[in-house]
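Peer 1: Got a structure here, written out as structure tokens. Questions coming.
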Amino acid sequence: MRRGAPSMGSSSSSSSSSSSSPSMMTTTTTTTTTCSRFDLVAMCRYCFACLEWYLDGAKPHSEPQALFPCANEAFPLFVTWKKERRGHLELRGCIGTFSAIELGEGLREFTYRSAFRDGRFDPIEVSELPRLVCGVSVLTDFELVDDLFDWEIGVHGIRIEFPLVVVVDGEDDKDDDDDDDDDENDDD
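The numbering used here applies: residue 3 is where the sequence shown begins, and numbers increase by one.
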């Protein structure tokens with residue numbers, strides 16, 4: 003395994019209107035408002051526009067369009083919703099994918115999933131919009147690491163993969179139990 007110089011962007015925006023040991027992969031998780039490759043603020047605004055559109059009745063032919071740079075490029079991504087409460091931000095929903103998906107399509111899909119289908123929380127309601135903060139994480143440059151502890155909280159994210167192990171142990175003894183002579187004596 004080796005450690006690289008991973009890069010990724012995350013931004014927040016508020017609403018205004020094969021071994022037995024696992025392989026570890028890292029990507030940054032720093033929170034910055036700008037990224038050299040992605041307009042993360044525009045992505046968060048797009049997520050808010052999609053959420054507001056849906057909560058406003060999802061009128062046909064009026065769904066927000068992904069007009070930010072790289073909207074047609076595919077990357078793994080996560081959309082995170084937090085809600086301001088008593089001066090602190092509390093997690094309200096976070097869902098994403100490690101599979102590459104076009105950013106425009108993916109941000110729209112995971113905006114809805116994280117807002118309405120994160121099983122840890124009730125669906126977001128329109129009354130919460132003024133207190134919501136959106137975070138977008140675009141994951142890039144996954145790299146293997148040399149050591150289990152070769153990453154930093156607040157700088158890297160981790161992805162742990164365990165190898166698939168299939169165990170085959172010959173004949174299934176449970177099927178043979180059905181034919182035992184003891185079953186015939188159950189009537190006694």
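By construction, the Cβ of each residue, glycine as well, lies at the ideal position given by its N, Cα and C atoms.
1) If the criterion is Cβ atoms closer than 8 Å, does the pair residue 111 and residue 76 meet it?
2) Quick one: residues in its chain with C-beta nearer than 6 Å to the C-beta of residue 95, no 5 flanking neighbours on either side, listed in chain order?
3) For residue 108, does the count of other Cβ atoms within 10 angstroms reach 16, so buried, or fall short, so exposed?
4) Between the region 45-62 and the region 133-140, do three or more beta carbon pairs fall short of 8 Å?
5) Helix, strand or coil: how does DSSP classify residue 138 here?
6) Which of the three DSSP states, helix, strand or coil, is assigned to residue 171?
7) As a quick exercise: from 51, 90 and 150, pick the residue whose alpha carbon is nearest that of residue 158.
8) Return the CA-CA distance between residue 49 and residue 136, expressed in angstroms with no decimal places.
9) Could you tell me how far apart the beta carbons of residue 100 and residue 78 are, in whole angstroms, since I believe they sit closer than 8 Å?
10) Tell me the DSSP secondary structure of residue 115 in three-state form.
11) So the candidates are 73, 80, 57 and 163; which of them puts its Cα closest to the Cα of residue 97?
12) For the alpha helix (DSSP H) holding residue 77, just list the boundary residues, first then last.
13) Determine whether the beta carbon atoms of residue 161 and residue 86 lie at a separation below 8 Å.
14) What residue does the alpha helix (DSSP H) around residue 52 start on, and which one ends it?
15) Go ahead and pull the three-state DSSP assignment for residue 94.
16) Do the CB positions of residue 106 and residue 51 come within less than 8 Å of each other?
Peer 2: Taking the structure as given:
1) Your numbering for residue 111 matches position 109 in the sequence shown. Your numbering for residue 76 matches position 74 in the sequence shown. Remark: C-beta atoms of residue 111 and residue 76 do not approach each other more closely than 8 Å.
2) As a position in the sequence shown, residue 95 is number 93, starting the count at 1. Here the set comprises 83, 116, 117, 120 and 123.
3) Numbered from its first residue, the sequence shown carries residue 108 at position 106. Classification of residue 108: buried, given that the 10 Å Cβ count is 16 or more.
4) Touching, yes.
5) In the sequence shown, counting from the first residue as 1, residue 138 sits at position 136. Strand, per DSSP.
6) Locating residue 171 in the sequence shown gives position 169, where the first residue counts as 1. Three-state result, residue 171: coil.
7) Within the sequence shown, the letter at position 156 stands for residue 158. Checking every option, the nearest Cα to that of residue 158 belongs to 150.
8) The residue labelled residue 49 in the question sits at position 47 within the sequence shown. The residue labelled residue 136 in the question sits at position 134 within the sequence shown. Between the alpha carbons of residue 49 and residue 136 lies a gap of roughly 7 Å.
9) Here residue 100 refers to the residue found at position 98 when the sequence shown is read from its first residue. Here residue 78 refers to the residue found at position 76 when the sequence shown is read from its first residue. That belief holds up - the Cβ atoms of residue 100 and residue 78 are roughly 5 Å apart, short of 8 Å.
10) Within the sequence shown, numbered from 1, the residue matching residue 115 stands at position 113. Three-state result, residue 115: helix.
11) If you number the sequence shown from 1, residue 97 lands on position 95. Answer by Cα proximity: 80.
12) Start at 1 with the first residue of the sequence shown, and residue 77 comes out as number 75. Looking at the DSSP string, residue 77 is not in any alpha helix (DSSP H); the run it does join, the beta strand (DSSP E), is 76-87.
13) Residue 161 sits at position 159 when you count from the first residue of the sequence shown. Residue 86 sits at position 84 when you count from the first residue of the sequence shown. No, they are not a contact pair.
14) Numbered from 1 along the sequence shown, position 50 holds the residue referred to as residue 52. For residue 52, the uninterrupted alpha helix (DSSP H) segment begins and ends at 42-57.
15) For the purposes of this step, residue 94 is taken as residue 92 along the sequence shown, with counting starting at 1. Reduced to three states, the DSSP call for residue 94 is strand.
16) Indexing the sequence shown from 1 puts residue 106 at position 104. Indexing the sequence shown from 1 puts residue 51 at position 49. With respect to the 8 Å criterion, residue 106 and residue 51 are not classified as neighbours on the basis of their beta carbons.
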